[in-house]
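In order, the protein sequence lines correspond to chains A and B.
By our numbering, the letter at position 466 of the first sequence is numbered 465, and the numbering carries on one by one without gaps.
Going from the second sequence to our numbering is simple: count from 1 and add 3.
Backbone N, C-alpha and C fix where the C-beta goes; we use that ideal spot for every residue, glycine too.
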Amino acid sequence: MDLLSNLALGFSVASSLANLAFCLIGVLLGTLIGVLPGIGATATIAMLLPITFQLEPVSSLIMLAGIYYGAQYGGSTTAILINMPGESSSAVTAIDGYQMAKRGRAGTALATAALGSFFAGSVATFLVAIFAPPLTTIALKFGAAEYFSLMVMGLVMSVALAHGSVLKALAMVVLGLLLGMVGTDVYTGAPRFTMGMNQFADGLNFVAVAVGVFGIAEILRNLEDEHDRQVMTKNITRLFPNREEFRQMVGPVLRGTGIGSVLGILPGGGAILASFASYTVEKKLSKNPGEFGKGALAGVAGPESANNAGAQTSFIPLLTLGIPANPVMALMIGAMIIQGIVPGPNVVTEQPALFWGIIASMWIGNLMLVVLNLPLIGLWVKLLTVPYYVLFPIIMAMCSIGVYSVNSNPYDLFAVAFFGLLGYVLSKLRCEPAPLLLGFVLGPLLEENLRRAMILSKGDPTTFLTRPISATLLLLSLAILVLVFLPQIRKRREEVFTESDA
Amino acid sequence: MSTKPKDQTDIAAGLFFMTLGGFFGWQALQMEIGTSLRMGPGYFPMVLSGLLFILGAVILFKAFGRADDEPFGRIAWRGILFILPAPIFFGLTVRGLGFVPALFITTLIASQASVRMRPLPALILAIIVTIMSTLIFSYGLGLPFRRFGPWLPV
Chain A
0 MDLLSNLALG FSVASSLANL AFCLIGVLLG TLIGVLPGIG ATATIAMLLP
50 ITFQLEPVSS LIMLAGIYYG AQYGGSTTAI LINMPGESSS AVTAIDGYQM
100 AKRGRAGTAL ATAALGSFFA GSVATFLVAI FAPPLTTIAL KFGAAEYFSL
150 MVMGLVMSVA LAHGSVLKAL AMVVLGLLLG MVGTDVYTGA PRFTMGMNQF
200 ADGLNFVAVA VGVFGIAEIL RNLEDEHDRQ VMTKNITRLF PNREEFRQMV
250 GPVLRGTGIG SVLGILPGGG AILASFASYT VEKKLSKNPG EFGKGALAGV
300 AGPESANNAG AQTSFIPLLT LGIPANPVMA LMIGAMIIQG IVPGPNVVTE
350 QPALFWGIIA SMWIGNLMLV VLNLPLIGLW VKLLTVPYYV LFPIIMAMCS
400 IGVYSVNSNP YDLFAVAFFG LLGYVLSKLR CEPAPLLLGF VLGPLLEENL
450 RRAMILSKGD PTTFLTRPIS ATLLLLSLAI LVLVFLPQIR KRREEVFTES
500 DA
Chain B
4 MSTKPKDQTD IAAGLFFMTL GGFFGWQALQ MEIGTSLRMG PGYFPMVLSG
54 LLFILGAVIL FKAFGRADDE PFGRIAWRGI LFILPAPIFF GLTVRGLGFV
104 PALFITTLIA SQASVRMRPL PALILAIIVT IMSTLIFSYG LGLPFRRFGP
154 WLPV
């Protein structure tokens, strides 16, 4: 009955009037920005992150979580209506969703995505509530060596799941780790890579890096080629699926939820993998696979559920180990640290109200999405018709205010411009930004645990291999690396990403 | 133009990573490396810089003998010219000019990044954004910004 009393605590926190309001604002803002073409969940959160800093820790994390769900939902709306997915996880939805929209079934596709996401979100929230606490007890047994190995595995996974060249993704991780070193060395107090500027003694501002690499770089990409978008708005007459369509939805949604829940826990961006895996499964199981790519309902229902379930369960490694599973969770960690919370297994015992409040708010956020967004779809669609040249100056103003509000440090704004340029150059060189951000967040943690483990083992590097959990994690990472470099898997992986790009 | 195929993007990427690796490594040289038991501040950065340099070299090496599968595409020069200075301008002036004028000019600068933006709509947009942001962030959320700074003769 522990679970029930904990959930009761969580709901009492999350359903306070203020927190409900913040969750609502978060969901609305998240959808608002997320629906903008070419801006995915990560960029949305990076932009909106600063406005949550003035709030109390619980409220701010609840609002951020709301922004996350909203942004994901907004992303799938854009994917379905204008075939412009903001993030690779909704790229899969775009394949069949856009085709459905073209055939006048846009409303059905949107409703299917919303309902599937809600179901998956509910189930996955429950899973988080069940599995997170026992996992924290395991996590408490983790020493420095285990943490180091676990983070290595997370980084390797992010490499394996990134688009395009594995080598480039590896280089991006290393570059991210190096950027994470900027600032003062914790052990000796020596300044590192600060170029003699005291303003960078506390390290590069995380928000500035995220906004630059994800937000600004994205705007620059969109400005390369300003063309008109075609919005599929004409045919949103019937929203709710009829009985036949409901029947078609059930299987894919259930399977998608299962796949997403499992893959979401994996460090390194499981949600992206989840939506693709679900699409493949549905295509294999379908009686008429030829329908896929031409507007199959299952091709929307499955991946969307998987995507959302994965988004939810990716909170498990964050809440139990303090290790982000994907760039969005990296942003969450950044937010927690700014709020003075040290993410990790101690959060459950030290701040039960925060922990369970976030879990309860996940479900509330998902509920709000369905209740609000189905009626509001007309509004979001209108937003898609607002020309881009009106939107991005607003986004730039928000980014500037947001980044400055974190520390009132003008140097953070210079860092935004610098990382915007760096992000743009890297995207031109076809390098994915996600591994860089993950490396940036994990860099300091990785180094600290490495150094601590070495001191504990009196300088013996075999400590990582003689401790069983650590050895297993390192072996797994090695196996993943070997796998992605195997010619056969590599070819398959390329196919996977080309298909999701199409 | 040589006839041998090569992936221009990857050549650039490889060189870019090698440069960065070299730069970080050079900077790390000035720090104490330490031993693997008591790692100095430069130990881990040095290892990473080396790794980045090697990865860059491998990317460069593999770029030869393979055609560029995706063209480099257009570069958003106008975007770079106007988008990037916007936050810098805000950073330089938010204390001196104050929140309201700094934000107004920042938005105006950013709006010039698009060829489609006409002067009058840009002006109107900047005014609306400034008013809304001042209401939301300064009055609503109570962020501690000076609305008008000491540089102004007010």
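Name the chain A residues whose beta carbon is nearer than 7 Å to that of B/M120? Y388
Helix, strand or coil for A/R191 per DSSP? strand
For A/G182, which of helix, strand or coil comes out of DSSP? strand
With 9 Å set as the bound, which would you pick, yes or no: does the beta-carbon of A/L338 sit closer than that to a beta-carbon of chain B? Note that residue 338 of chain A corresponds to Gln in the displayed sequence, not to Leu. Judged by the 9 Å Cβ criterion, A/Q338 is not in contact with chain B.
Tell me whether A/K286 sits in a helix, a strand or coil according to DSSP, three-state version. coil
Exposed or buried, what is B/S5 when buried is set at 16 or more other beta-carbons lying within 10 Å of its beta-carbon? Reliability of the predicted coordinates at B/S5 is poor, the pLDDT of 48 falling under 50, and the value obtained from them is presented with this limitation in mind. With fewer than 16 other Cβ atoms within 10 Å, it is exposed.
Do we get a CB-CB distance below 9 Å when we pair A/I61 with the residues of chain B? no
Could you give the residue range of the alpha helix (DSSP H) that holds B/K9? B/K9 -> no alpha helix (DSSP H), and no H or E assigned at all.
Within 10 Å of its beta-carbon, does A/A128 have 16 or more other beta-carbons around it, so buried, or fewer, so exposed? buried
Can a CB atom of chain A be found closer than 9 Å to the CB of B/L100? no
Check this for me: beta carbons of A/S59 and A/S274, under 9 Å apart or not? no
Is the beta carbon of A/L219 sitting closer than 9 Å to the one on B/A125? no
Flag this pair as touching only if the region 90-103 of chain A and the region 301-309 of chain A have three or more C-beta atom pairs under 8 Å; answer yes or no. yes
Give the interface partners of B/P48 over in chain A, defined as CB-CB distance under 8 Å, in chain order. L177, M180, R191, F192
Nearest-angstrom Cα distance between B/M21 and A/G175? 14 Å
Please name the residue in A/R254, A/N287, A/L8, A/A216 whose C-alpha comes closest to that of A/A308. A/R254
When DSSP labels each residue in this structure, what does B/G37 get in the three-state scheme? strand
Look at A/K101 and A/C430 and say whether their C-beta atoms are less than 9 Å apart. no
Are the beta-carbon atoms belonging to A/L48 and A/L330 less than 9 Å from one another? yes
Measure the beta-carbon distance from A/L80 to A/L383 and round it to whole angstroms, keeping in mind my assumption that it falls under 8 Å. 6 Å
By the 10 Å Cβ neighbour count, where 16 or more other Cβ atoms means buried, how is A/V206 classified, buried or exposed? buried
Chain A within 9 Å of B/K9, Cβ atoms only: no
9 Å Cβ cutoff, A/S476 in contact with chain B: no
Short of 7 Å in beta carbon distance, which residues of its chain neighbour A/L28, apart from the five on each side in sequence? Order them along the chain. L47, I66, G69
So with Cβ pairs under 9 Å, would you call A/F391 a contact of chain B? yes
So is A/N197 buried or exposed if we call it buried at 16+ other beta carbons inside 10 Å? exposed
Kindly confirm or deny that the region 354-369 of chain A and the region 5-16 of chain A touch, where touching means at least three C-beta pairs closer than 8 Å. yes
Closer than 8 Å between beta carbons: that is the criterion. Which residues of the region 396-411 of chain A meet it against chain B? A396, M397, C398, S399, I400, V402, Y403, S404, S407, P409, Y410, D411
Rounded to a whole number of angstroms, what is the C-alpha to C-alpha distance between A/A501 and B/T133? Model confidence at A/A501 stands at a pLDDT of 40, short of 50, so the residue's coordinates are unreliable; what they give is reported in the following sentence. One C-alpha to the other measures close to 40 Å.
On the premise that B/D10 lies in contact with B/A70, defined as a C-beta separation below 8 Å, what is that separation, rounded to the nearest angstrom? 7 Å
Could you tell me which residues DSSP puts in a beta bridge with B/M42? B/G37
Just verifying my parser: in three-state terms, what is the DSSP assignment at A/F147? helix
Minimum length 4: unbroken alpha helix (DSSP H) runs contained in the region 399-435 of chain A: 409-427
Give me the Cα-Cα distance between B/P8 and A/L366, rounded to the nearest whole angstrom. 54 Å
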